[in-house]
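Under the working numbering, residues 215 to 647 are what the sequence shown spells out, in order. Comments concern the structure below.
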Amino acid sequence: MADDPKKAVLELAGTKVEMPVKSGTIGPDVVDITKLYAQTGAFTFDPGFTSTAACESKITYIDGDEGVLLYRGYPIEQLAEHGDFLETCYLLYYGELPTPSQRKEFDKNITYHTMVHEQMTRFYQGFRRDAHPMAVMVAVVGAMSAFYHDSTDINDARQREIACHRMIAKLPTIAAMAYKYHIGQPFVYPQNSLSYAANFLRMCFAVPCEEYVVNPILARAMDRIFILHADHEQNASTSTVRLAGSSGANPFACIAAGIACLWGPAHGGANEAALEMLQQIGDPAKVPEFIAKVKDKTSHIRLMGFGHRVYKNYDPRAKIMQKTAHEVLTELGIKDDPLLEVARELEKAALSDQYFIERKLYPNVDFYSGIILRALGFPTSMFTVLFALARTVGWISQWKEMIEDPGQKIGRPRQLYTGSPKRDYVPLTMRGK
Ligand code: CMC
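Written out as structure tokens, the structure reads:
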């Protein structure tokens, strides 16, 4: 990115400071404020980072007004239609789509790493069976650094690459084990002859006493869901991974931090919350009543799966999700899914309501994903786990980009202090009753 000759001028307490304005390939310009504190003694204030670019990145681009999402320049619609998840992983991590020989090599590397250390299987026994699978994911992925020490040297490019391969390969195994443990079934080992998504479905739904044949249409839908979730620029969990990594923490610990952040209902946990909301509404006739509750601010109820910090238009991933939902339900012979009817009615009602129109609230990726995942056989508690599995490649690609950036510094935001000014300690006996 070349420095733009444009400058921004800020006047503060009679002093004028000039700040460089930088332009990316596409997207808004950024005002470079790195010298602002040195020049003026003032910080900027932007809780929630609504106007702040925290890094430079070449991985993912979002145009929230137009509803555009690009991975390394490629539109998400094209990748979802023509590509597959492992190719998307290669693209995100290495920056280009693989050639046939690169693809073959990458597939070999990933399948080579699909099993987890046998001792890791015992790690699960320490959890209660009713633990939320995301709690298990945070712990087990964090524990990978205790099992794979030979890929934790962040200054060694080859170790970084092996850590990446390990995480892409093992996350499905770890996620499927979290599910199997939760429902009290034996773990199913990976089968490397299957595709990434088909192997994952098999590890989740096969049992040792019966043959399990993966339905290719359902495997394709699973793969597409993984593609749609693979990366999303500097969202909360990705920023968490970058911030954790900026201190030099090992990649497994950083991804565990990302998983913890993703769990929240405003972020990855929204897919679980969206399906629960559809189930609670239960009947399209009850949609107007629910919309009225959402609009009543005292209710503190949000329309889950709607709204986005960046998209002020239809989330392009939601459109693909909606199409995939139809494909999956048709394949499974589910003609009238009442939840799909509720979702369609909710979408119609919200998109024609002034409250949502004024605030530019549209369906996001989570609005339809729950309907598909439920039809595939996953319980709601697994929804965010699937998001974490798919997002791992995005996190690790962003982490690698950060580590390889020569200007990388530890992330250390400042604050506007509004607490007590300096005061003297008062002994306990002199503090009243
Ligand atoms: N339902 C009802 N009102 C909403 C919603 C919603 N889903 N989202 C935003 N608003 C209102 C909000 O009350 C506020 O109204 P007002 O201006 O009157 O105070 C206005 O819209 C702006 O909202 P905000 O909270 O300032 O916007 P934000 O950019 O901080 O929040 C969001 C973005 C995604 C957290 C929010 O839209 C939300 O909570 N959505 C529901 C949860 C959800 O679906 N999350 C998944 C996001 S996509 C996947 C992911 O990133 O993990």
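Even glycine gets a Cβ: it sits at the ideal position worked out from N, Cα and C.
Query, Result
"Inside the segment 369-426 only - alpha helix (DSSP H) runs reaching at least 4 residues", "371-397, 410-419"
"CB of ARG317 within 7 Å of CB of LEU305, strictly", "no"
"Spatial distance of MET215 from GLU270 (CA atoms)", "Note that MET215 scores 49 on pLDDT, short of 50, meaning its location in the model is unreliable; the coordinates nonetheless yield the value given after this. Spanning the two alpha carbons is a distance of roughly 9 Å."
"Beta-carbon proximity of ILE376 to SER365, cut-off 7 Å", "yes"
"Collapsed DSSP secondary structure at ASP277 in the structure displayed", "strand"
"Closer than 6 Å: ARG516 CB and nearest the ligand FMN heavy atom", "This structure lacks the ligand FMN; the ligands present are the ligand CMC."
"Any non-hydrogen atom of the ligand CMC closer than 6 Å to GLY519 Cβ", "yes"
"Cβ shell of ASP638 (< 6 Å), same chain only, five flanking positions each side left out", "none"
"ALA484 to TYR569 span [Cα, whole Å]", "20 Å"
"Which residues DSSP lists as bridging LYS230, in chain order", "GLU225"
"Contacts around VAL599, its chain only, beta-carbon distance under 8 Å, and the 5 residues preceding and following it disregarded", "PRO347, MET348, MET351, ALA389, ALA392, TYR393"
"7 Å Cβ cutoff met for HIS443 and ALA557", "no"
"Residues near GLN405 in its chain [Cβ-Cβ closer than 7 Å; skip 5 each side]", "ASN413, ARG416"
"PRO620 - DSSP class collapsed to helix/strand/coil", "coil"
"Alpha carbon of GLN448 to alpha carbon of THR248, nearest angstrom", "19 Å"
"Candidates THR266, LYS272, LEU224, of which the one nearest ALA256 by Cα", "LEU224"
"Contacting residues, own chain, Cβ-Cβ under 7 Å from GLN253 (five flanking each side not counted)", "VAL231"
"Contact set for LYS509: own chain, Cβ-Cβ below 6 Å, skip 5 residues either direction", "TYR569"
"Short Cβ contact (7 Å threshold) for HIS331 with ARG380", "no"
"7 Å CB neighbourhood of ALA421 in its chain, flanking five on each side removed", "The displayed chain sequence assigns Val, not Ala, to residue 421. Correct list, in chain order: GLN399."
"Counted within 10 angstroms of its Cβ, other Cβ atoms place ILE397 as buried (16 or more) or exposed", "exposed"
"Candidates VAL524, ILE571, LYS511, VAL579: closest to GLY536 by CA position", "Note that residue 536 is Gln in the sequence shown here, rather than Gly. Answer by Cα proximity: VAL579."
"ALA532 to PHE581 span [Cα, whole Å]", "7 Å"
"Completely contained alpha helix (DSSP H) runs for the segment 547-572, where each covers 4 or more residues", "552-565, 568-572"
"Residue burial classification, LEU283 (beta-carbon count within 10 angstroms, cutoff 16)", "buried"
"Nearest neighbour of PHE419, chosen from ARG438, TYR395, PHE440 [CA to CA]", "TYR395"
"Residue closest to PRO530, alpha-carbon to alpha-carbon, out of LEU546, HIS446, THR452", "HIS446"
"Alpha-carbon to alpha-carbon, ALA487 and PHE504", "15 Å"
"Residues that DSSP places opposite PHE520 in a beta bridge", "PRO577"
"Residues near SER461 by beta carbon distance below 7 Å, same chain, minus five either side", "ILE624"
"Per-residue burial, VAL427 [other beta carbons within 10 Å of its own, 16 or more giving buried]", "exposed"
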